[in-house]
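Q: Shown below is the structure under consideration.
Protein chains in written order, with the working numbering: chain A, 12 to 376; chain B, 1393 to 1749.
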């Protein structure tokens, strides 16, 4: 496989000669899915518009398959690169089939009449996005999710090596988001199509992408695999999050923890039973403490973000006096104790002591 | 499971093939209807007027050029060139509108509302009077040339406005204003022209197909013919452009070149019309809209020829009414095209508001 396939070196992009982002260096391999993430207005779309030649490149260069992109004619480029854009199509009286068929433009003759082969490619593309039944429908009469699939089919129909998508999942409900991304994943893996896109949903970006590009301020702050990039601190910094949390493990986003330093409620839970309780307390803005949680417990991942204090124990160890002591101390401050459900086994049997104490104090709910 | 999926696939392809057949039949039906209307209106047009000539004699005169010399004269010297001009200029005007609508991505764009016809009119009036004062009469080519320059001046202004204002409504207002300014300047020029010029200019500046000669027909058929062929050859990029500039470029259209081509083609069309018949309103908007509706598609490959024929039929029909409605008085062609065209445009706008978006 060609190592230098799509390479941006020292690229500067922007509008009207004003540099917005400079020194962009990316090295994209064939068949990779590369996702640009970053706050609104960071210039992700500007980068995409520059590498698709909609915007003049201000400095540096883009090498595509051994050629500088500006030396490739529009016609030649159109056989290698297809786009799905954010702007909405203003069509009149065109069917979805007509829209998809425009993808055959680079291959048809002077008058653009479709051959039998072109027709087959259109059908194939419609099939790839599960939209064969939409072919005869007027493009204006279908839903946003369907439109996005049709536009993707149009891009596929162009038989490109690279598809560039600007926020392809905006306006889509969760089912269509998943469907669209799984089609993209399939295109990349089965056909070796390179996919470069921007996404707002960082959780999805994490799951679909081979490489992540963080765009912020006037430069690329990070470029690497999701594993390297999706760290709590990196994401917090990238988006300037000071009003919530990002959980790198599941890519989920949490709102701020309840205000107040002293816990009012103590939650005892295990294996996920605590999560809905934590969220409920977060919503009512009730400060709480949680424990005793093993640090490999799923509840711990959320508790550490939302609770004012979490009493923890090392995985698979018996509960120590220290942990139990701290838990009792915290429970003393609370007016309420919630048992969200915890199985008592040999390792954590001392939790029973905690529960009994809460019961005696009349705080257990 | 996979078996049922397969049948599902063939079913939907089958339904697509049926749909395709249905669409082709619809296109054919529209073209046949247009062709019949075209010939019927030509016959009626020749047939009617102050001097009534029965159809059998018309055919005889048309094909053998023999018969009553007076009738031959009426048909060959007066009615036929006028009909042919109405047909060609009507087609040209409609296509000019279609091209402008493509360019501005706005179905209400047209040479008249954007002030392009008025710009052409102004420059034609100016050069006409100027050359007459020097003792020259302008030939047809210099008329078209002057109108072309005027069209480009108006479009230039509109493009300047369009660069600053992205709003389509504002653009149309700008066009209408340019139209008023150009008309005012034209009136101003006409006021200072000598009496003998005014007689000619006045009728022309309101729009009319009367007084067309065979030399007009020859020149128009060359200019409009070539421009039509070039436009038809642009069907493919026009189709791509309907998706918007960015998509068009991504499938290989050289946008800068194509935009210039669109402007030049539509200007030649509207300039030719203005040079010979003066400004004619609403045809450029109404005809493409009606044709697209009839065909059920906006694909340029079928819309371009159908719009041309449709425009021809529409203008011949309007000219017929202009001649006959209050004969022997003749109406301005714009009066008639407005009566039929403006309601169509109003309907369009209401429908668009209520419609998909």
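Idealized CB from N, CA, C, for every residue including glycine.
Since this is a predicted model, take the numbers as computed values, not measurements.
Does residue 1437 of chain B come out as helix, strand or coil in the three-state DSSP assignment?
A: The answer is helix: DSSP assigns residue 1437 of chain B an H, G or I state.
Q: Candidates B/1666, B/1743, B/1717, B/1451: which alpha carbon is nearest residue 1482 of chain B's?
A: Ranking the options by Cα distance to residue 1482 of chain B, first place goes to B/1666.
Q: Excluding five sequence neighbours on each side, which residues of the same chain lie with their C-beta closer than 8 Å to the C-beta of residue 1611 of chain B?
A: If we look at residue 1611 of chain B and ignore the five residues flanking it on each side, its Cβ neighbours are 1532, 1533, 1536.
Q: Quick check on the burial criterion: 16 or more other C-beta atoms within 10 angstroms. Buried or exposed for residue 1557 of chain B?
A: Residue 1557 of chain B comes out exposed.
Q: Alpha carbon to alpha carbon, what distance is there between residue 189 of chain A and residue 110 of chain A?
A: Going from the Cα of residue 110 of chain A to the Cα of residue 189 of chain A covers about 23 Å.
Q: Expressed to the nearest angstrom, what Euclidean distance is found between the alpha-carbon atoms of residue 7 of chain A and residue 1692 of chain B?
A: Here chain A comprises residues numbered 12 to 376, so residue 7 of chain A is not present and cannot be evaluated.
Q: Answer yes or no: does any C-beta atom of chain B fall closer than 7 Å to that of residue 27 of chain A?
A: Closer than 7 Å: no.
Q: What number of angstroms, rounded off, separates the C-alpha of residue 1376 of chain B from the C-alpha of residue 1651 of chain B?
A: Residue 1376 of chain B falls outside the range modelled here, since chain B spans only 1393 to 1749, and no answer is possible.
Q: In angstroms, rounded to a whole number, what distance separates the CA positions of residue 196 of chain A and residue 44 of chain A?
A: In a straight line, the C-alpha of residue 196 of chain A is about 8 Å away from that of residue 44 of chain A.
Q: Within the region 45 to 73 of chain A, note down every full alpha helix (DSSP H) run reaching 4 residues or more, in order along the chain.
A: Entirely contained in the region 45 to 73 of chain A, the alpha helix (DSSP H) runs reaching 4 residues are, in chain order, 55 to 62.
Q: Is there a Cβ from chain B that is less than 7 Å from the Cβ of residue 103 of chain A?
A: Interface residue, yes.
Q: Would you identify the three-state DSSP class for residue 358 of chain A, choosing helix, strand or coil?
A: Coil at residue 358 of chain A, not helix or strand.
Q: For residue 348 of chain A, write down the residues that DSSP places opposite it in a beta bridge.
A: According to DSSP, which records beta bridges pairwise, residue 348 of chain A is partnered with A/277, A/375.
Q: Please state if the CB of residue 146 of chain A and the CB of residue 137 of chain A are separated by a distance shorter than 7 Å.
A: For residue 137 of chain A and residue 146 of chain A, yes; Cβs fall inside 7 Å.
Q: Does DSSP put residue 330 of chain A in a helix, a strand or coil?
A: The answer is coil: DSSP assigns residue 330 of chain A none of H, G, I, E or B.
Q: Which residue wins for smallest C-alpha separation from residue 1694 of chain B, given the options B/1658, B/1734, B/1418?
A: Of the listed residues, the one whose Cα sits closest to residue 1694 of chain B is B/1418.
Q: Under 7 Å between beta-carbons, which chain B residues line up against residue 93 of chain A? List them in chain order, please.
A: Going along chain B in sequence order, the residues near residue 93 of chain A (Cβ under 7 Å) are 1642.
Q: Could you check where the alpha helix (DSSP H) with residue 147 of chain A kicks off and where it finishes?
A: Here residue 147 of chain A belongs to no alpha helix (DSSP H), and DSSP marks it neither H nor E.
Q: Taking DSSP as the reference, what is the three-state secondary structure of residue 308 of chain A?
A: Three-state result, residue 308 of chain A: coil.
Q: Determine, using beta carbons only, whether residue 1728 of chain B and residue 1426 of chain B come nearer to each other than 7 Å.
A: No, the Cβ-Cβ distance between residue 1728 of chain B and residue 1426 of chain B is not below 7 Å.
Q: Would the region 235 to 246 of chain A and the region 211 to 225 of chain A be scored as touching if the rule is three or more Cβ pairs under 8 Å?
A: Yes, the region 235 to 246 of chain A is in contact with the region 211 to 225 of chain A.
Q: Pull out every residue of the region 117 to 138 of chain A whose Cβ sits closer than 8 Å to any Cβ of chain B, in chain order.
A: Result list: 117, 119, 121, 122, 123, 124, 134, 138.
Q: Can you give me the C-alpha to C-alpha distance between residue 1473 of chain B and residue 1422 of chain B, rounded to a whole angstrom?
A: Distance between the alpha carbons of residue 1473 of chain B and residue 1422 of chain B: 26 Å.
Q: How close, in whole Å, do the beta carbons of residue 281 of chain A and residue 308 of chain A come, if the pair is a contact with beta carbons under 8 Å?
A: About 6 Å; that satisfies the 8 Å criterion.
Q: Check distances from the C-beta atoms of the region 1411 to 1433 of chain B to those of chain A and list, in chain order, the residues that come in under 7 Å.
A: Under the 7 Å Cβ criterion, the region 1411 to 1433 of chain B contributes 1411.
Q: So which residues on chain A does residue 1739 of chain B lean against when the C-beta distance must stay under 7 Å?
A: Here the premise fails: no neighbours, minimum Cβ distance about 15 Å.
Q: At which residues does the alpha helix (DSSP H) containing residue 1637 of chain B begin and terminate?
A: Taken as a continuous stretch (DSSP letters only), the alpha helix (DSSP H) holding residue 1637 of chain B covers 1637 to 1642.
Q: Under 7 Å, Cβ to Cβ, is there at least one residue of chain A near residue 1393 of chain B?
A: Its pLDDT being 37, under 50, residue 1393 of chain B is placed unreliably in this model, and the coordinates cannot settle the point.
Q: In its own chain, which residues sit with a C-beta less than 6 Å from the C-beta of residue 1452 of chain B, not counting the 5 before and 5 after it?
A: Closer than 6 Å at the Cβ level, and outside the excluded window around residue 1452 of chain B, lie 1459.
Q: For residue 157 of chain A, decide whether its Cβ has a neighbour in chain B, counting only Cβ atoms nearer than 7 Å.
A: No, residue 157 of chain A lies away from the interface with chain B (no Cβ there is under 7 Å from its Cβ).
Q: When the cut-off is 7 Å and only beta carbons count, does residue 89 of chain A lie next to chain B?
A: Judged by the 7 Å Cβ criterion, residue 89 of chain A is in contact with chain B.
Q: Output the residue ranges of the alpha helix (DSSP H) runs that lie fully inside the region 112 to 146 of chain A and measure 4 residues or longer, sorted by chain position.
A: With a minimum length of 4 residues, the continuous alpha helix (DSSP H) runs that stay inside the region 112 to 146 of chain A are 127 to 139.
Q: With 7 Å as the threshold, decide whether the Cβ of residue 1730 of chain B is near any Cβ in chain A.
A: No, residue 1730 of chain B lies away from the interface with chain A (no Cβ there is under 7 Å from its Cβ).
Q: Quick check on residue 1711 of chain B: buried or exposed, where buried means 16 or more other Cβ atoms within 10 Å of its Cβ?
A: That one is buried.
Q: Just to confirm before moving on: does the CB-CB distance between residue 166 of chain A and residue 42 of chain A stay below 7 Å?
A: Not a contact, by the Cβ cut-off of 7 Å.
Q: How many Å lie between residue 1424 of chain B and residue 1513 of chain B at the Cα?
A: Whole-angstrom Cα-Cα distance: 35 Å.
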